[in-house]
Each structure stands twice: as structure tokens, then as C-alpha cells.
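For the record, the sequence lines run as chains S and R. Take this note's numbering: the last position of the first sequence gets the number 310, and nothing is skipped along the way. Take this note's numbering: the last position of the second sequence gets the number 1123, and nothing is skipped along the way. Ideal placement from N, C-alpha and C gives every residue a C-beta, glycine not left out. Being a predicted model, the structure only gives us computed values, none of them experimental.
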Amino acid sequence: MDIFVSFWGTRGSIPTPGFRTSRFGGNTACLELHTNNTLVVCDGGSGMRELGLDMLDRNLDAVTGHLFFSHTHWDHIQGFPFFPPVYDPRNTFYVYTSGPDDRTFELLTGQMKSDYFPVEFSELRARVERRDLDAVGGRVGDFQVDSLALNHPGGATGFRFRCGDVKIVYLSDHELDTLLDNRQQALDSPDLPRQIPQRFLDFAGGADLLVADGQYGDAEYLQRVGWGHSRATTLVDLALQAKVKQLAVTHHDPMQSDEDVDAKIRACRRRAQSLEGGRLVIFGAREGVQLRFETGTFPRSGGDTLERPL
Amino acid sequence: MGNDWDDETRGSPTRQFMVARSGKSARPAVLRQVQGPGMGRTFLVGEQEVIVGRGEQADIKVDSLEVSRRHVVIRQVRAGYRIEDQRSRNGTLLNGVRVHAAVLSHGDKIAIGDAVFEFEESR
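This is the structure we're talking about:
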């Protein structure tokens, strides 16, 4: 079975169109995972509009989509009202939440009030429903999904998607640096290995792909401690210690040009080289890029019967 | 750029921008081979789909056993030009990273077996 992972929005905080960002892209957070049977979307920043337009081009008959939101800050939800498939009555979307206190659904749909947007949520033509991830045992079509609390003002959630023997982890938004077991030493001496809390190593352990918030370069981070985003280089320590195969650094700072992102990624690669010989594949997440993973082990049956081939 | 409005929603201006389908109007681009057998060649990429590979049907033929018969296809999409690997044996690298597909950007280096192409947008 093939799993396709597509980057539709890789910018943090605010859409940043223009010549300076044309290569990595200016759209905010949106990641798509799909198999032949299951469509998953992580976050609905402005990149979600691009995903939706691409879905129109795919001429899909009817779609069931599974939407996961790390949190409800603007750069993770404001593409949802501009996502054309929610205006198609043939489609169904599930918005995953965790427990009765999770306000994701209310906050997502609450942005579609006339004070903010001309179309009310109730006017959407597709079926859009809240679904509790725990209530379905984490089973979402072809994927088994787990979640983990992240470190971000107001809270955020990371997700792990397993399909057969393939594991893809999405951690955004997340400030790992203030959770490090050697936090102060790692700030004073950036070359020191950073001691990652065990729960993050367990969650990301052995991932084929880790897509994670690495908004800042080392120098930028010093001015933004506590803002809820990681140093990109700290992701290298996480990925190496968790034996991740491939690291995609995402949620690029809106002040970063393409060349700035290149420099950030070069710093990550230098760090990987110095810590462990550079076997880890590291790249800057870029709009329009699609990766393919092949699983040799088919997942157990019993997926969602509403699924439609993509 | 042409728009193909959904008939069902044609009457409502607030709905129209939701369902517009964009046309494909990227300017022609150039693929310049900078490494491997055939180095120095340049190819214009436009509305027609382009196959790169070792086989007879390839539009851009690369005479190398490291290149699959039908290695990648480049086609125009809404966002520009998209390259897609055709399940080639040795894969496709975009600026050194293995990808299945990508929308190309000016200056991108695409490695296909031992051949490397540079993508140049018209400006």
C-alpha cells in the first residue's frame, strides 16, 4: 500500500506570499496524508485552500476526509472556510477531538460567523461532524492515530499516524526547547547534545517521517523563548535520539526568506553531521512537495465504510 | 486564465469564489541538463506533458541504465509545473531529497539517475 504525504502549507503564524518565499511557500500549516482509501488532513491553515483546489482537479466522486487540528490558532484553521470540498454535498468530513472538553470543533466552526466571514458554518453543503478520536479507538480508515500534548501557549496536540509498518509523526506547534532536561545548558552551549524528554522520544521513535515545528534558527530563538516554537536544530536531536529516518522542518517563520530557510536547514544538517555522521535525511518542508511511502504490511480490516477511493 | 463555475452555485456571489476552478497558464519553462549523458542540452517545457526517461517514448531521452524507461513526467498544473516520479527504480531527487512529486521552482536541481537537470522559470 502507498501512503502519500503532501505539504500544502509550511509557513507559521501568518500567510507570507511574495517573491522572498516563493520556493518554500507562504501558506500556513496544512499537511495531507492519503492512501487509496483514506484522506487525512493535519491542520487547516491557508494551505488548506490549495489542497482543496487540488482535490477539485483530482475529480473525486465523493470524499470522506478526516481532519486533525493541532490547535485553533489562526494559522491552523483559517483555510477551512476556503476549502472548496466543504461546499460539495457529496462529501463528509470528520473533525477529530479528544474528550468532551475539547473545544476544537466549536472554535473551528465559530470562525464562520458573519462578523468574520460571509458564509455561516450551517450553510456548508458537505456533512461536517465532530468525532472523538478515543471513541473510535484511534482507528481512522487505514491509519491508527495516537495523540500527544505539546508545549504551546493555549495548548496543542501532536499526532502519530501508523499504517502497516510506516509511521508518520506530526508535531506542530511545539516549543521543545523549554522542556529539555538540560534546558539552560542547551541555551548556554548550543553545541551540547540536547536531552529530549522520554515521552517525545517514545512518540516519534522510529518514525519514517517526522514533520515538526522548527520555526526558528538558533539566533532568532534567543529573542523568542516562550513563544511556543522550537529551534530547528533541537529537532535534529529529537530525530537522532528517536531514530527517525527523515525530518521535515516546518512552520517557517514569516520573517524567513527562502534563503533564510536554506540557512536554517544547513545548520540542522551540520548539527546532524557533528552529532551522528549525518545519516538523518533533513529538509525544509516546502509547498507542493509530495513524498511516497510504501508499506509491506497491510493494516487490519474494519476501516470506515464511508471511505471512497481518492 | 479561465474559470469553470459550478452551475449549481452560479447565482450566489458569496459562493462563487469557493468553487472556482483555475485554469493552467504557467509560462513556458526551461529544463537544462547540467550533468550526466547529454549534458548541455536545453528543453522547453510548456502545455504538453513531458516524459523523461530511457525508453523510446520519452520526450527527453537520457541514455543511461541508471534512468528508468519512463522515469518522471512533468506537466503543467495550476501552481506551475509539477514533476512526478513514475515509480522509477532509482527514484527522483529534488535538490538532493528524494520526492515522489513536487511543484518546481526556479533553480531547482532534479537528479534522475546520473543525469541532473536544472529548472528555469521564464521571468
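Run through DSSP, which three-state label would residue i get?
i	result
residue 203 of chain S	helix
residue 14 of chain S	coil
residue 1083 of chain R	strand
residue 233 of chain S	helix
residue 19 of chain S	helix
residue 1033 of chain R	strand
residue 252 of chain S	strand
residue 195 of chain S	coil
residue 66 of chain S	strand
residue 189 of chain S	coil
residue 4 of chain S	strand
residue 1026 of chain R	coil
residue 291 of chain S	strand
residue 126 of chain S	coil
residue 119 of chain S	coil
residue 93 of chain S	strand
residue 150 of chain S	strand
residue 225 of chain S	coil
residue 86 of chain S	helix
residue 54 of chain S	helix
residue 49 of chain S	helix
residue 347 of chain S	Only positions 1 to 310 of chain S appear in this structure, which leaves residue 347 of chain S out of reach.
residue 139 of chain S	strand
residue 1127 of chain R	Any answer about residue 1127 of chain R is impossible in this case: the structure gives chain R only from 1001 up to 1123.
residue 60 of chain S	coil
residue 1108 of chain R	coil
residue 239 of chain S	helix
residue 181 of chain S	coil
residue 131 of chain S	strand
residue 283 of chain S	strand
Can you give me the start and stop residues for the beta strand (DSSP E) that residue i sits inside?
i	result
residue 1062 of chain R	Note, residue 1062 of chain R: premise wrong, no beta strand (DSSP E); not H, not E.
residue 1076 of chain R	1072-1077
residue 167 of chain S	166-171
residue 105 of chain S	Careful: residue 105 of chain S lies outside any beta strand (DSSP E), inside the alpha helix (DSSP H) at 104-110.
residue 177 of chain S	Neither: residue 177 of chain S is in no beta strand (DSSP E) and is coded neither H nor E.
residue 1099 of chain R	1097-1099
residue 1117 of chain R	1115-1121
residue 211 of chain S	209-213
residue 33 of chain S	30-34
For chain R, find out if any of its Cβ atoms is closer than 8 Å to the Cβ of residue i; answer yes or no.
i	result
residue 53 of chain S	yes
residue 22 of chain S	yes
residue 80 of chain S	no
residue 57 of chain S	yes
residue 4 of chain S	yes
residue 47 of chain S	no
Taking 8 Å as the threshold (beta carbon to beta carbon), is residue i in contact with chain S?
i	result
residue 1103 of chain R	yes
residue 1029 of chain R	no
residue 1054 of chain R	no
residue 1100 of chain R	yes
residue 1097 of chain R	yes
residue 1021 of chain R	Note that residue 1021 of chain R scores a pLDDT of 48, beneath 50, so its modelled location is shaky; the value from the coordinates is reported in the next line. Yes - at least one Cβ of chain S is within 8 Å of the one on residue 1021 of chain R.
Kindly indicate the opening and closing residues of the alpha helix (DSSP H) around residue i.
i	result
residue 39 of chain S	Segment 39-42 is the beta strand (DSSP E) holding residue 39 of chain S; no alpha helix (DSSP H) there.
residue 73 of chain S	No alpha helix (DSSP H) contains residue 73 of chain S, which DSSP labels as neither H nor E.
residue 245 of chain S	First-last for residue 245 of chain S: undefined, no H or E at that position.
Any heavy atom of the ligand FMN inside 7 Å of the beta-carbon of residue i?
i	result
residue 225 of chain S	The ligand FMN is not among the ligands present in this structure, which contains no ligands whatsoever.
Between residue i and chain A, is there a C-beta pair that is closer than 8 Å?
i	result
residue 60 of chain S	Within the model displayed, chain A is absent; protein chains S and R are what it includes.
Rounded to whole angstroms, how far is the Cβ of residue i from the Cβ of residue j, which I believe are closer than 8 Å?
i	j	result
residue 134 of chain S	residue 99 of chain S	7 Å
residue 195 of chain S	residue 181 of chain S	4 Å
residue 75 of chain S	residue 29 of chain S	6 Å
residue 1121 of chain R	residue 1032 of chain R	Not a contact, Cβ separation roughly 12 Å.
residue 217 of chain S	residue 156 of chain S	Their Cβ separation, rounded to whole angstroms, is 21 Å, which puts residue 217 of chain S and residue 156 of chain S out of contact at 8 Å.
residue 235 of chain S	residue 212 of chain S	5 Å
residue 283 of chain S	residue 232 of chain S	No, residue 283 of chain S and residue 232 of chain S are not in contact; Cβ-Cβ is about 11 Å, not under 8 Å.
Legend entry - Residues of the region 280-296 of chain S with Cβ closer than 8 Å to any Cβ of chain R, in chain order: 281, 283, 286, 287, 288, 289, 290, 291 and 292
Legend entry - Contacting positions in the region 112-128 of chain S - beta carbon closer than 8 Å to chain R: 118 and 119
Inset, instruction - Taking only beta carbons into account, state which residues of the region 1070-1086 of chain R come closer than 9 Å to chain S, listed in chain order. - result: 1077, 1078, 1079, 1080, 1082, 1084 and 1085
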